[in-house]
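Numbering (this note's numbering), first residue to last: 88 to 788.
As structure tokens, the structure follows; a few thoughts come after it.
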Amino acid sequence: MKSILETPITYLKGVGPKKADVLQKEIGIKNFEDLLYYFPFRYVDKSKIYKVNDINNDSAYFQLKGKISNLNSVGDKRTKYITAKFYDDTGSIDIVWFRGLKWVKEMIKPNTEYLIFGKPSVFKNSFNFVHPEIEVFSEIENPIAMQSLEGIYSSTEKLKNFGLGSRGISKLMKQLLIQVESEITEKLPDYILQKYNLIDEATALTNIHFPKNPSIIQKAQNRLKFDELFYLQIELILNKKISKQKSKGFIFERVGEFFNNFYEKHLPFDLTNAQKRVIKEIRSDFKTGKQMNRLLQGDVGSGKTMVAFMSMLIAIDNGFQTCIMAPTEILANQHFNSINKFVEGLDLEVELLTGSTKKSKRTEIHEGIQSGKLKILIGTHALVEDTVKFHNLGLAVIDEQHRFGVAQRAKLWKKSTTPPHILVMTATPIPRTLAMTVYGNLDVSIIDELPPGRKTIQTIHFFENKRLRIIGFMREQIKKGSQIYVVYPLISESEKLDLKNLMDGFANMQHDFPPPQYLVSVLHGRMKNEEKEYEMKRFVEGKTNILVSTTVIEVGVDVPNASVMIIENAERFGLSQLHQLRGRVGRGSEQSYCILMSGQKLSNEGRKRLEVMVSTSDGFEIAEEDLKLRGPGDLQGTRQSGILDFKIANITKDSHLMLQTRKLCEAILEKDPQLTDKHNIIIRNCLQNKFKKQVNWGKIS
Ligand code: ADP
Ligand code: MG
């Protein structure tokens, strides 16, 4: 039976086809249920009407009653806007519109009483309103009975043009609740409601939209967050179980000659405890008979390559082949060099396969791979080409995860009937709660410890006017034998301007550091591949002192002799990018420096980012801060996943609830994997509903 909640939104009283169309296009609302679960992001007390001279800060919302005069179009064609004066009997305040100018001109009339609502901003030392909500006072139905607590819904310009600003949406919601309130069904079993002290679904839904009193808002929010996270976790756990069932994996029973020999005789340093722990985790995956899908997170320089290498030795000890796939040739080269060092003294060959491998070499490698003679192959995505046929690929290591799509990874899997174990390495730490969610299907290992003896990179923020001091500092460092990176932002929207900045910066550097005493090179994405490789190589080999570049050097590059990282316009970079860039230095024994250059004027967020960078070098801490500042939508690779489009939960603020529901779901599925217990049947039904198709319970045990 179809639930009334599945009714297309166009049939709601007051909607119709046009509004239905914008609702769907702008905020994805297709049916009654979508609207019902479109929650206010804030509540305001609209029972109170303030006076203009009450306005004393820019962090609160104010509702005012008064008239509007002096409508004035300002500016030229490109930057047109309208200003006006809003006044009551205590004073006046400016209103400014940058958009919807036509509407403003048509709608705003003199000598009419308006109710305006919004958050004032500060401009030239006085307050004004930018795009406040405006209603003609006489047209408000029953203003005396105005809801005292009104939910504020996010809306868009387009929706507003259709009368669907926050208040418009609220009106629809009222209508919707009249129609569906009696049809709202419970989603969680009684025992959970009781244990976690949750209010019922219908009460939560009605009060989230129209709170009866302030104290119920939090209860309603808590209940609905619980729903959202609970069902997310159930889904993730079930998916994981299903994919584990599906994928049989090779069993690497033993640790043998190669591993032991290396461990006992050739290990160049003591492993950190974190490295040991992760190797253990991987070893136990190898024994389960299921395909390993493990994400290895570790800050830059934490020694992931060694972990990968030792895991590869186990695979080889069990007669299998291994590979490492890196996103760029430079990186593949670096892995090739490190692995070559590691295998010294072991009877193992390593080959490198990239786009620029010569034909004859390529053929030789193809043969070695097909016959099974070659045990370690390192390369770029050239590895997944159809011509590469492994004899028995047992373990594939993928470096720098976010550069490869899932499809590319799947290509590697298909290289044998039983899929190889997969170890994905990433240096973009993401908070645990997020990892658990985004990578719900992967197991996660974390190296949370750096090898001993690393000097903390000194991070300093300078404003532009200290440039001369920086030049002096650079000369000193070069004298000591260090090399220096200077990185410029290159953001696609303003690419031309950025490229000009970079080239100007390069010219200035050449001027301040003239040959033959100094050599400066430049690197950016517009250069040909060969040119890029050439410049990079000169820097890697220590032939140039300064490398001026864009973020093309961001990922993985290892030049131990480079000990200074100067980031220009640092305020324009995101936190995780700044952290990645900083990780390019501090790889040798010298004290390293990261210098963040910025303009004098900083936005609050920009300033905060620089402060975070100066105050900590812990990648996980930075990731947490990043998440707080930006929200999860912008984190590497999470945007497409869609999994973080929460309706109400907040992955940063609700991490506690996330862990709580996770544990609860694990416990439930442990005891009742098929959810057939009479208390859990409600969960099973809800899942069935959610996916609109049969959940494959047969795969779950
Ligand atoms: P990342 O995790 O960024 O890939 P790498 O694997 O490149 O880090 O390691 C960074 C450097 O630290 C390398 O030169 C590596 O040889 C070294 N290293 C790794 N593990 C240890 C350790 N346990 N003790 C000392 N040095 C280590
Ligand atoms: Mg690395």
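Every residue gets a Cβ at the ideal spot worked out from N, C-alpha and C, and that includes glycine.
Out of P127, F126 and A107, state which residue places its alpha-carbon closest to the alpha-carbon of N118. Relative to N118, the option among P127, F126 and A107 whose CA is nearest is A107.
Examine the Cβ distances between the segment 100 to 115 and the segment 200 to 219 and report whether three or more of them are shorter than 8 Å. With the cut-off at 8 Å, the segment 100 to 115 and the segment 200 to 219 do not touch.
Please go through the same chain and pick out, in chain order, the residues whose beta-carbon is closer than 7 Å to the beta-carbon of G675, but skip the five residues on each side of it. Counting only Cβ-Cβ distances below 7 Å, and skipping sequence neighbours, we find P647, N648 and S650.
So which of I403, E416, S443 and K446 has the shortest CA-CA distance to E436? Of I403, E416, S443 and K446, the residue nearest in Cα terms is I403.
Please confirm whether I303 and N294 have their CB atoms less than 7 Å apart. With contacts defined by Cβ atoms closer than 7 Å, I303 and N294 form a contacting pair.
Would you tell me roughly how many angstroms separate the C-alpha atoms of I426 and S447, rounded to the nearest one? Using only the alpha carbons, I get a separation of about 23 Å.
For the beta strand (DSSP E) holding T546, just list the boundary residues, first then last. Counting along the chain, the beta strand (DSSP E) containing T546 begins and ends at Q545 to F550.
Which residue marks the beginning of the beta strand (DSSP E) containing R381, and which one marks its end? N380 to G385 is the extent of the beta strand (DSSP E) around R381.
Find out if the Cβ-Cβ distance for the pair A395, G466 is shorter than 7 Å. Contact check for A395 against G466 fails: the beta carbons are separated by 7 Å or more.
When every heavy atom of the ligand ADP is checked, does at least one fall within less than 6 Å of the C-beta of T359? Short note on T359: C-beta closer than 6 Å to some heavy atom of the ligand ADP.
Where does P95 sit, in a helix, a strand or coil, going by DSSP? Residue state, collapsed to three classes: strand.
Enumerate in chain order the residues of its own chain whose CB-to-CB distance from F313 is below 7 Å, with the five nearest sequence positions on each side excluded. Y283, L285, L744 and T748.
Are the beta-carbon atoms belonging to E472 and T441 less than 7 Å from one another? The answer is no: Cβ separation not under 7 Å.
Which runs of the beta strand (DSSP E) at least 3 residues long sit entirely within the segment 202 to 243? Give them in chain order. Qualifying beta strand (DSSP E) stretches, in chain order: 208 to 210, 213 to 217, 220 to 223 and 236 to 239.
To the nearest angstrom, how far is it from the Cα of K272 to the Cα of N772? Lys is not the amino acid found at residue 272; the sequence shown has Thr there. Cα-Cα distance, rounded: 11 Å.
Excluding the 5 residues preceding and the 5 following L236 in the sequence, name in chain order all residues of the same chain whose CB lies nearer than 7 Å to its CB. These residues qualify, in order along the chain: Y130, D132, P298 and P301.
Let me check understanding here. Comparing Cα to Cα, which of G693, K688, G250 and L668 lies closest to C681? A check of alpha carbon separations from C681 across G693, K688, G250 and L668 identifies L668 as the nearest.
Once the 5 residues before and after K695 are set aside, which same chain residues still bring their CB inside 7 Å of it? So the qualifying residues of the chain are L716.
What I want to know is whether the C-beta of K428 ends up closer than 6 Å to one or more non-hydrogen atoms of the ligand ADP. Incorrect: K428 has no Cβ contact closer than 6 Å to the ligand ADP.
Within a Cβ cutoff of 6 Å, which residues of the same chain sit near L151, ignoring the five residues on either side of it in sequence? Same-chain partners within the cutoff: Y137 and I203.
Mark A232 as exposed unless 16 or more other C-beta atoms lie within 10 angstroms of its C-beta, in which case mark it buried. Residue confidence is low: A232 scores 46 on pLDDT, short of 50, so the model does not pin down where it sits. No coordinate-derived value is stated.
Could you check the C-alpha separation between D277 and T375 for me, to the nearest Å? Roughly 37 Å separates the two Cα atoms.
Where L482 falls: helix, strand or coil (DSSP): L482 falls in the strand class under three-state DSSP.
Just tell me which of L383, K391 and N691 has its CA closest to the CA of T359. With distances taken between Cα atoms, T359 lies closest to K391.
Cα-Cα separation, I169 to Q305: Roughly 39 Å between the two C-alpha positions.
Where Q687 and L323 are concerned, what is the direct C-alpha to C-alpha distance, given to the nearest angstrom? Q687 and L323: Cα-Cα distance of roughly 46 Å.
How about K48 and Q678: are their beta carbons less than 7 Å apart? Nothing can be reported for residue 48: it is not among the residues displayed for the chain, which extend from 88 to 788.
Starting from the Cα of G612, find the closest Cα among Y605, M623 and P603 and give me that residue. Among Y605, M623 and P603, the Cα nearest to that of G612 is on M623.
Return the first residue and the last residue of the beta strand (DSSP E) that I534 is part of. Here the beta strand (DSSP E) through I534 covers D530 to I534.
Is I136 helix, strand or coil when you go by DSSP? If DSSP states are grouped into helix, strand and coil, I136 belongs with coil.
With DSSP collapsed to three states, give me the class of D721. Low per-residue confidence applies at D721: pLDDT is 46, beneath 50, and the placement is therefore not dependable, though the value from the model is reported in the following sentence. For D721, the secondary structure class from DSSP, reduced to helix, strand or coil, is helix.
DSSP state of I180 mapped onto helix, strand, coil: For I180, the secondary structure class from DSSP, reduced to helix, strand or coil, is strand.
I321: which of A754, K261 and G250 sits nearest, CA to CA? Minimum Cα-Cα distance from I321 among the listed residues A754, K261 and G250 corresponds to A754.
Around the C-beta of K462, are 16 or more other C-beta atoms found within 10 angstroms, so that it is buried, or is it exposed? Result: buried.
Return yes when at least one heavy atom of the ligand ADP lies under 6 Å from the C-beta of T505, else no. For the ligand ADP, no non-hydrogen atom lies closer than 6 Å to the CB of T505.
For R370 and I329, which I take to be in contact (beta-carbon distance under 8 Å), what is that distance rounded to the nearest angstrom? In this structure, R370 and I329 do not form a Cβ contact; the two beta carbons are roughly 25 Å apart against a cut-off of 8 Å.
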